[in-house]
Amino acid sequence: MTGTGSDRSPRTRPRVPRPESFGAEPAGERLARIRRSPNFRNGIFRNPEEARRGPSGSAVALAKVYFEKEGRASRAPAGPIPVHPTTVADLARPPATGLRLTWMGHSGVLAEIDGHRVLFDPVWGDRCSPFPFAGPKRLHPVPASLAALGPVDVVVISHDHYDHLDLPTIKELATTDTLFAVPLGVGAHLEHWGVPASRLRELDWNESTEIGDLRLTATPARHFCGRGLRNKQHTLWASWVAEGPGHRIFHSGDTGYFSGFRDIGADHGPFDATMIQLGAYSEFWTDIHMTPAEGLRAHLDLQGGRPHGVLLPIHWGTFNLAPHPWAEPGEWTRDAAGEAGQAVAFPRPGEPFEPAGKLPSDPWWRGISRPLARPWRRTRPVGTAPGPRGGDLDLAGDR
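Here the sequence shown is numbered in our numbering, starting from 1018 and rising by one per residue.
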């Protein structure tokens, strides 16, 4: 029959173009390597310990928490975040001790270690989203342009979520000659965005690569992956160890707490500094992000069970990604670390510091924090964990 209806069957309908920000799915030898990975089973990458990826509990309860008026106000600073104006001069002088860290906001850190310059999880875009017009918008400007950082030897990516792998940032870095160290499968995105395969070091857990005399090792994490609408779980997530001749550092990426931190510490530690995710946590996704108490516990595990080195809190302050108050990660970490006798650095975004030198310790967030609940200070039965909400109000600016 002809001349009536549409001549387009479902198979011949035009496909909606895939947004460039979604990246690309692994294929060919990359996909074959993924399928050979001991961490890839039954068609997807698996966590080292069981983890629920999506929100737990009632969707109604989660929506109520997100849209409650007072809670919404607390999730943003009450004034401009003080950003240190990082300059070329700040970073042109080699670190006197051989190790300097500059927190650029969220999980982005420039680590200068034993003559090498490593940029972890750089996100210079205005939003952590597949679209430039929607999604969580940064709460402070970037402290410096990518060009102001100077040459970077290697960019290290923990996983492919939008707040860690940023399309405009990668496209700008692709025009340089820097190398990229990424978890298995993530290289497909970077090649799609113009990074040559020759500049990729793509690693499975517990695999290493050497850049000069710096060794980078992808270590396990408890999280998940994905950028597109149909996430096939074909890209790995990782924490990272960077070891030079004189120093060792650890970047957690995104992760829930798990016993594997002790193994990482035994194999690669102790560390001069750790960069630990301890923001964007919630009682609705306890398996895939850490609270400050869990982040401190992870740091201590990495150090053989005792206070050692310096803890740099990351994954907080820059984007509003969870129901907890904006300043809570800073206050909770400060209290927990003080009780444990653990040194913590609290730099303003863009403020360089050397872990072996004077640490930035000023609670800079207090002047722009709304009244803050402190549930971790409640008296709790032994063995129970603090929750992320509740407690008496404490005017942060009065302390």
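Each residue gets a CB set at the ideal place from its N, CA and C atoms; glycine is no exception.
Asked                                                                                                                   : Found
DSSP three-state assignment for residue 1224, whether helix, strand or coil                                             : coil
Burial state of residue 1318 (16 or more Cβ within 10 Å)                                                                : buried
Entirely enclosed beta strand (DSSP E) segments - the stretch 1161-1221, minimum 3 residues                             : 1171-1173, 1196-1200, 1217-1220
Residue 1424, enclosing beta strand (DSSP E) - first and last residue                                                   : There is no way to answer for residue 1424, as the model of the chain reaches only from 1018 to 1416.
Where residue 1022 falls: helix, strand or coil (DSSP)                                                                  : Residue placement at residue 1022 cannot be trusted, given a pLDDT of 39 that sits under 50; what the coordinates show is reported in the next sentence. Reduced to three states, the DSSP call for residue 1022 is coil.
CB-CB length for residue 1421 against residue 1272, believed under 8 Å                                                  : Outside the modelled stretch of the chain, which goes from 1018 to 1416, sits residue 1421, for which no answer is possible.
Residue 1361 to residue 1044 span [Cα, whole Å]                                                                         : 43 Å
Per DSSP, the bridge partner or partners of residue 1268                                                                : 1257, 1292
Opening and closing residue of the beta strand (DSSP E) in which residue 1126 lies                                      : 1125-1130
Touching by the beta-carbon criterion (3+ pairs, under 8 Å), the stretch 1122-1138 and the stretch 1274-1287            : no
Spatial neighbours of residue 1417 in its chain, beta-carbon cut-off 6 Å, leaving aside the 5 residues before and after : As displayed, the chain neither begins before 1018 nor continues past 1416, which places residue 1417 out of reach and without an answer.
Contact between the stretch 1152-1164 and the stretch 1321-1331 (3+ Cβ pairs under 8 Å)                                 : no
Own chain, CB closer than 8 Å to residue 1377, minus 5 neighbours either side, in chain order                           : 1362, 1363, 1364, 1365, 1368, 1370
Residue 1133 (DSSP reduced to helix, strand or coil)                                                                    : strand
Boundaries (first-last residue) of the beta strand (DSSP E) holding residue 1328                                        : 1327-1331
Cβ neighbours of residue 1179 in the same chain (closer than 6 Å, five flanking residues each side left out)            : 1145, 1146
Residue from 1339, 1304, 1265 whose Cα sits closest to the Cα of residue 1479                                           : In the structure displayed, the chain extends from 1018 to 1416; residue 1479 sits before or after that span and is not available.
Residue nearest to residue 1418 in terms of C-alpha spacing, selected from 1167, 1353, 1161, 1117                       : Past the boundaries of the shown model lies residue 1418; the chain is included only from 1018 to 1416, so the question cannot be answered.
Three CB pairs or more closer than 8 Å across the stretch 1102-1120 and the stretch 1161-1177                           : yes
Rounded distance between the beta-carbons of residue 1358 and residue 1324, thought under 8 Å                           : 5 Å
Straight-line Cα distance separating residue 1303 from residue 1239                                                     : 11 Å
6 Å CB neighbourhood of residue 1037 in its chain, flanking five on each side removed                                   : none
Through-space distance from residue 1170 to residue 1300, alpha-carbon basis                                            : 38 Å
Short Cβ contact (8 Å threshold) for residue 1253 with residue 1039                                                     : no
Classification of residue 1064 by the beta-carbon crowding that lies within 10 angstroms, buried from 16 upward         : buried
Classification of residue 1090 by the beta-carbon crowding that lies within 10 angstroms, buried from 16 upward         : exposed
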